[in-house]
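The next block holds one structure in the form of structure tokens; read it before the comments.
2 protein chains.
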Amino acid sequence: MQHAESSAVLVAGWHRMSYVFADQSYMSQVLQNHILKVHSIARNAITKGKYLVFGGGSTQLLSAAVFALSLNSSSLARVVAASPYYPVYKTQTDFFETAHFEFQGDALLMKRTSNSTGNAIEFVTSPNNPDGLLRKAVLQGSSVNAIYDHAYYWPHFTAIPAPADEDVMIFTISKLTGHAGSRFGWALVKDEDVYLNMLKYMQLAELGVSRDTQLRALQLLKVVLEGDGREIFHFAYEKMRDLWEKISQIVSLSNRYTIQDIPPQYCNFFEKVRGPSPAYVWLKCEREEDTNCNAVLRGANIIGHLGSLFNASDRYVRLSLLKRDDDFNLLLYRLKELVSKEGGAETL
Amino acid sequence: MQHAESSAVLVAGWHRMSYVFADQSYMSQVLQNHILKVHSIARNAITKGKYLVFGGGSTQLLSAAVFALSLNSSSLARVVAASPYYPVYKTQTDFFETAHFEFQGDALLMKRTSNSTGNAIEFVTSPNNPDGLLRKAVLQGSSVNAIYDHAYYWPHFTAIPAPADEDVMIFTISKLTGHAGSRFGWALVKDEDVYLNMLKYMQLAELGVSRDTQLRALQLLKVVLEGDGREIFHFAYEKMRDLWEKISQIVSLSNRYTIQDIPPQYCNFFEKVRGPSPAYVWLKCEREEDTNCNAVLRGANIIGHLGSLFNASDRYVRLSLLKRDDDFNLLLYRLKELVSKEGGAETL
Numbered sequence: 028m029q030h031a032e033s034s035a036v037l038v039a040g041w042h043r044m045s046y047v048f049a050d051q052s053y054m055s056q057v058l059q060n061h062i063l064k065v066h067s068i069a070r071n072a073i074t075k076g077k078y079l080v081f082g083g084g085s086t087q088l089l090s091a092a093v094f095a096l097s098l099n100s101s102s103l104a105r106v107v108a109a110s111p112y113y114p115v116y117k118t119q120t121d122f123f124e125t126a127h128f129e130f131q132g133d134a135l136l137m138k139r140t141s142n143s144t145g146n147a148i149e150f151v152t153s154p155n156n157p158d159g160l161l162r163k164a165v166l167q168g169s170s171v172n173a174i175y176d177h178a179y180y181w182p183h184f185t186a187i188p189a190p191a192d193e194d195v196m197i198f199t200i201s202k203l204t205g206h207a208g209s210r211f212g213w214a215l216v217k218d219e220d221v222y223l224n225m226l227k228y229m230q231l232a233e234l235g236v237s238r239d240t241q242l243r244a245l246q247l248l249k250v251v252l253e254g255d256g257r258e259i260f261h262f263a264y265e266k267m268r269d270l271w272e273k274i275s276q277i278v279s280l281s282n283r284y285t286i287q288d289i290p291p292q293y294c295n296f297f298e299k300v301r302g303p304s305p306a307y308v309w310l311k312c313e314r315e316e317d318t319n320c321n322a323v324l325r326g327a328n329i330i331g332h333l334g335s336l337f338n339a340s341d342r343y344v345r346l347s348l349l350k351r352d353d354d355f356n357l358l359l360y361r362l363k364e365l366v367s368k369e370g371g372a373e374t375l
Numbered sequence: 028m029q030h031a032e033s034s035a036v037l038v039a040g041w042h043r044m045s046y047v048f049a050d051q052s053y054m055s056q057v058l059q060n061h062i063l064k065v066h067s068i069a070r071n072a073i074t075k076g077k078y079l080v081f082g083g084g085s086t087q088l089l090s091a092a093v094f095a096l097s098l099n100s101s102s103l104a105r106v107v108a109a110s111p112y113y114p115v116y117k118t119q120t121d122f123f124e125t126a127h128f129e130f131q132g133d134a135l136l137m138k139r140t141s142n143s144t145g146n147a148i149e150f151v152t153s154p155n156n157p158d159g160l161l162r163k164a165v166l167q168g169s170s171v172n173a174i175y176d177h178a179y180y181w182p183h184f185t186a187i188p189a190p191a192d193e194d195v196m197i198f199t200i201s202k203l204t205g206h207a208g209s210r211f212g213w214a215l216v217k218d219e220d221v222y223l224n225m226l227k228y229m230q231l232a233e234l235g236v237s238r239d240t241q242l243r244a245l246q247l248l249k250v251v252l253e254g255d256g257r258e259i260f261h262f263a264y265e266k267m268r269d270l271w272e273k274i275s276q277i278v279s280l281s282n283r284y285t286i287q288d289i290p291p292q293y294c295n296f297f298e299k300v301r302g303p304s305p306a307y308v309w310l311k312c313e314r315e316e317d318t319n320c321n322a323v324l325r326g327a328n329i330i331g332h333l334g335s336l337f338n339a340s341d342r343y344v345r346l347s348l349l350k351r352d353d354d355f356n357l358l359l360y361r362l363k364e365l366v367s368k369e370g371g372a373e374t375l
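Top to bottom, those sequences are chains A and B. Remember, our numbering sits 27 above the position in the first sequence when you count from 1. Remember, our numbering sits 27 above the position in the second sequence when you count from 1.
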């Protein structure tokens with residue numbers, strides 16, 4: 028048997044590569060410790076008194092949180108988010124809808140039109156995708172549970188006015204280091220029942236998160252934590268800030284296009300007031316006839332995501348700044364061209 | 028900036044470690060090719076004319092398949108499985124129940140009590156967990172869809188009478204090489220709509236399968252395919268067959284305990300009739316008073332899973348043979364002791 032040894036290694040897997048770690052958890056304790064350390068350095072979340080849950084990217088944890096919160100309520104939970112919002116909140120909630128929850132749409136609309144929200148679950152993305160603004164839950168009350176999606180709540184994308192301390196907070200390595208393909212995220216959860224329901228979700232959906240993925244996440248966090256662990260945030264902030272300033276400068280020359288205004292704020296990580304450095308540009312076509320901003324931009328070969336995707340007006344387009352340098356420079360060049368043409372035939 | 032280089036590597040992740048591969052799929056084409064090759068060597072499935080879907084272990088694919096099949100039917104799909112069945116079918120289907128499907132229980136009961144099954148989805152585990160027997164769907168008809176869970180349909184666990192050719196078939200690396208912790212499985216799906224629904228599930232549940240997990244699965248399959256690729260099946264069959272024979276021999280001396288009878292069958296891989304080599308022993312306590320077989324075994328320090336977990340009588344217990352050698356020898360020793368005591372006080 029020429030390959031008996033490799034076969035033996037594989038079959039040994041039956042006995043060793045189990046679903047759970049030695050402590051009967053599906054979550055590596057070492058990785059948990061590294062996550063807590065990254066938060067303590069980024070000063071972006073209070074982890075004390077919270078349970079940790081690993082998931083397959085924040086995507087899986089969003090769904091797990093909706094399930095967990097809806098199981099804790101006696102009546103149908105209406106799931107909402109304030110527009111403009113990340114489209115997966117709707118598509119995912121619709122697809123996995125049970126008897127316990129359903130997607131209801133805009134949180135702002137619900138607040139305006141209902142006296143009582145009843146049982147509600149609000150997705151709060153802070154800073155928000157698409158517009159990069161810091162947010163708080165729109166709905167208030169004892170029957171409202173918020174899921175804080177903090178994918179972008181890192182010093183490179185936003186000022187951190189204070190460490191986040193909400194009951195359900197979701198983070199992902201996808202936006203910390205950019206390794207979206209690894210599908211690794213985690214939730215910090217205050218309530219034990221919600222935590223246990225989320226664990227149950229992970230157990231029934233997939234028997235936990237791949238150990239190979241956990242190993243990869245650990246390797247990445249080790250790099251993040253090299254030196255004093257602050258390096259990556261400085262580096263990435265400078266980078267994102269530079270992209271934003273270049274875009275801002277061009278758009279400031281335009282009469283047709285505007286971008287979102289993100290006020291400078293005190294940052295708990297940098298310990299000073301700092302300017303914006305968001306992941307996305309939320310661009311608006313201001314001319315009355317430009318009701319489909321994507322169509323206008325496409326004429327200049329600029330490809331973005333249309334406002335209606337985010338339950339907003341199609342006068343808006345989201346442009347991603349998470350690009351290769353070459354692609355960013357191309358975007359910059361095309362935007363400059365587009366704006367420079369404004370001075371042409373139509374305004375003369 | 029001391030660590031600027033490592034930071035640059037990380038931030039580069041934003042641009043390169045995307046959710047999708049260059050061909051816009053979340054599934055590695057190289058890994059797909061390796062999977063097809065393993066099937067062609069094991070001669071356990073017809074892959075031609077089937078679509079491949081990757082998932083986080085078979086667990087996630089079971090759920091994806093239920094969603095996909097239920098979306099294709101106009102009325103509520105009743106999900107069933109013939110007892111004894113793998114308990115996750117019920118717990119998972121109950122937990123994720125939508126307006127489109129619900130778990131109904133035993134397929135045999137449904138067949139006996141209903142004139143028309145209506146819309147039904149039947150889980151068929153072949154060979155079956157817990158008893159290792161090859162199975163076909165119990166329910167028939169145009170409104171019945173079967174999900175074939177072929178986790179154990181490999182030459183080391185069962186004779187392969189013919190390559191499987193069902194419409195929805197699920198496999199997992201967990202039972203091929205034993206790397207359960209990697210959470211990697213795949214489905215072979217005949218119908219394009221079902222395939223697209225399963226892809227949509229994977230997209231909304233998790234944005235696809237971790238690329239790190241895919242890389243690991245590829246490494247494992249490369250080892251499986253070393254040489255002529257048949258080695259691992261020979262090796263693992265001998266191993267499992269040996270375990271089974273040792274257990275059989277002991278139990279054959281008993282008047283109180285019996286184990287399942289798996290008939291020798293022609294195997295398409297070995298090209299000859301071969302004896303049983305299942306992953307589990309399905310042990311029955313035959314004495315009238317032994318209504319809880321686990322309690323009886325626990326007296327001898329033998330720990331198994333009780334029959335009612337599998338929707339069967341508690342006269343049954345499932346004992347796993349997927350153990351380290353030491354643990355198996357301990358099981359053997361304790362079983363021998365248990366059986367040898369039968370000749371004692373009670374029968375004299």
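From the three backbone atoms N, C-alpha and C, an ideal C-beta is built for every residue, glycine too.
- Per DSSP, reduced to three states, the secondary structure at A/Glu129 is strand.
- Contact annotation: the segment 153-160 of chain A does not touch the segment 261-269 of chain A, with fewer than three C-beta pairs closer than 8 Å.
- Secondary structure of B/Val236 (DSSP, three-state): coil.
- Assignment of A/Asp341 by DSSP, reduced to helix, strand and coil, places it in the coil class.
- Rounded to the nearest whole angstrom, the CA to CA distance from A/Cys312 to A/Asn282 is 9 Å.
- In the three-state reduction of the DSSP assignment, B/Ile197 falls in the strand class, which pools E and B.
- Taking the C-beta atoms as reference points, B/Leu135 is found nearer than 8 Å to B/Val165.
- Exclusion of the five residues before and after A/Asp158 leaves Pro111, Gln287 and Trp309 as the residues of its chain whose Cβ lies within less than 7 Å of its Cβ.
- Distances from the alpha-carbon of A/Ala126 to those of A/Ala92, A/Leu98, A/Leu242 and A/Arg70 put A/Leu98 closest.
- If one requires a minimum length of 4 residues, the alpha helix (DSSP H) runs lying completely within the segment 252-285 of chain A are 258-279, in chain order.
- With respect to chain B, the C-beta atom of A/Gln59 has no partner C-beta closer than 8 Å.
- Using beta-carbon distances, B/Gly83 counts as an interface residue toward chain A, with a partner under 8 Å.
- With contact defined as three or more Cβ pairs closer than 8 Å, the segment 248-266 of chain A and the segment 102-122 of chain A are not in contact.
- Against chain B, the CB of A/Thr240 has a partner CB under 8 Å away; the residue lies at that interface.
- Per the Cβ contact rule, the segment 205-214 of chain A is in contact with the segment 223-240 of chain A (3 or more Cβ pairs under 8 Å).
- In this chain, A/Val165 is not harboured by any alpha helix (DSSP H), its DSSP state being neither H nor E.
- The alpha-carbon of B/Asn71 is positioned some 25 Å away from that of B/Lys350.
- Distance from the CA of B/Leu252 to the CA of B/Val57, rounded to the nearest whole angstrom, comes to 13 Å.
- At least one beta carbon of chain B lies nearer than 8 Å to the beta carbon of A/Thr125.
- Note on the segment 52-106 of chain A: whole beta strand (DSSP E) runs with a minimum of 3 residues are 78-82, in chain order.
- Between the beta-carbon of B/Val107 and that of B/Ala147 there is about 6 Å, and that keeps the pair under the 8 Å contact cut.
- Comparing alpha-carbon positions, the option among A/Gly83, A/Cys320, A/Asp220 and A/Tyr222 lying closest to A/Ile330 turns out to be A/Cys320.
- For the segment 69-96 of chain B, residues whose beta-carbon sits nearer than 9 Å to a beta-carbon of chain A comprise Gly82, Gly83, Gly84, Thr86, Gln87, Ser90 and Phe94.
- Only residues of its own chain outside the window of five on either side were considered, and among them none has a CB closer than 7 Å to the CB of A/Ser367.
- DSSP, reduced to helix, strand and coil, places A/Gly159 outside both helices and strands of the structure shown, so it counts as coil.
- Contact of A/Glu233 with chain B by beta-carbon distance below 9 Å involves Gly82, Gly83, Gly84, Thr86, Gln87, Ser90, Arg210, Ala232 and Glu233.
- A direct Cα-to-Cα measurement between B/Lys363 and B/Leu346 gives close to 15 Å.
- Secondary structure note for A/Lys311: its beta strand (DSSP E) is the uninterrupted segment Tyr307 to Cys312.
- Identification of chain B residues near A/Gln292 by a Cβ-Cβ cut-off of 7 Å yields none; the smallest Cβ-Cβ distance measures about 23 Å.
- For A/Arg243, the residues of chain B that pass the 7 Å Cβ criterion are Asp239, in the order they occur in the chain.
- The C-alpha of A/Lys138 is placed about 30 Å away from the C-alpha of A/Cys294.
- The residues Tyr78, Val80 and Val216, in chain order, have a CB closer than 7 Å to that of A/Tyr222 in the same chain once the five nearest residues on each side in sequence are set aside.
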